[in-house]
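Residue numbering for the sequence shown follows full-length UniProt numbering, beginning at 1 and increasing consecutively.
Beneath this line is the structure, given in structure tokens, with notes to follow.
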Amino acid sequence: MEHRIILEMGTGNDLYGRDYTRAAKRAIQDALHHSSIVMFKSLGIDHTEMRVQVTIAVQQPDQLDLKALTAELPRGRAEVTAVKGGLDVHDAQNNQTHVIATAAIEAFVPINAKDWKLS
Numbered sequence: 001m002e003h004r005i006i007l008e009m010g011t012g013n014d015l016y017g018r019d020y021t022r023a024a025k026r027a028i029q030d031a032l033h034h035s036s037i038v039m040f041k042s043l044g045i046d047h048t049e050m051r052v053q054v055t056i057a058v059q060q061p062d063q064l065d066l067k068a069l070t071a072e073l074p075r076g077r078a079e080v081t082a083v084k085g086g087l088d089v090h091d092a093q094n095n096q097t098h099v100i101a102t103a104a105i106e107a108f109v110p111i112n113a114k115d116w117k118l119s
């Protein structure tokens, strides 16, 4: 049975290009930079056993390149899902829209609870 072992969140933006994928890549990198998973080596678990579920939120999720976002993930079997969220902040004075993306990265590994106990 899989259990979630990690939940990291990040934000990213594209201030001038209105590029949702660029903002989402930055959100993924932000989340990854908050995480250090030493348990794999410490416990002898191969990182290929980890399933990584990424949820990216932007105002126009259909404009995301999910394949490019999946390539941002260095470990595990990655799945990226796009949802509506994030922010588009419009600067009317300069006719510019700034894109803000949010990312949630969850990591799951198969763990048998019977193999774990606190001592």
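Glycine residues also receive a C-beta, built at the ideal position from the N, C-alpha and C atoms.
Would you decide whether residue i is buried or exposed? Buried here means 16 or more other CB atoms lie within 10 Å of its CB.
| i | result |
| --- | --- |
| N94 | exposed |
| residue 124 | This structure does not reach residue 124, given that the chain is present from 1 up to 119, and the question cannot be answered. |
| N112 | exposed |
| Y20 | buried |
| V38 | exposed |
| G10 | buried |
| G12 | buried |
| R26 | buried |
| A68 | exposed |
| E30 | Before going on, a small fix: residue 30 reads as Asp here, not Glu. That one is buried. |
| A78 | buried |
For residue i, collect the residues of the same chain with a Cβ closer than 6 Å to its Cβ; drop the 5 residues on either side in sequence, then sort them by chain order.
| i | result |
| --- | --- |
| K84 | P61 |
| V89 | H98 |
| A82 | I56, P61 and L64 |
| N72 | The sequence as given places Glu at residue 72; Asn does not occur at that position. Around E72: K25 and I28. |
| H34 | E8 |
Taking the DSSP output, what are the residues bridged to residue i?
| i | result |
| --- | --- |
| G86 | G86 is not bridged to any residue. |
| R4 | F108 |
| Q96 | D91 |
Give every residue of the same chain whose Cβ lies closer than 8 Å to the Cβ of residue i, excluding the five residues on either side of it in the sequence, and list them in chain order.
| i | result |
| --- | --- |
| I45 | M39 and V109 |
Notebook entry, point to check: Is the stretch 101-115 touching the stretch 46-65 in the sense that three or more CB pairs, one from each, lie closer than 8 Å?
Noted result: Yes, they touch.
Next item on the list: Would you mind listing the alpha helix (DSSP H) stretches within the stretch 38-80 that are 4+ residues and don't spill past its ends, in chain order?
Entry: Entirely contained in the stretch 38-80, the alpha helix (DSSP H) runs reaching 4 residues are, in chain order, 39-43 and 66-70.
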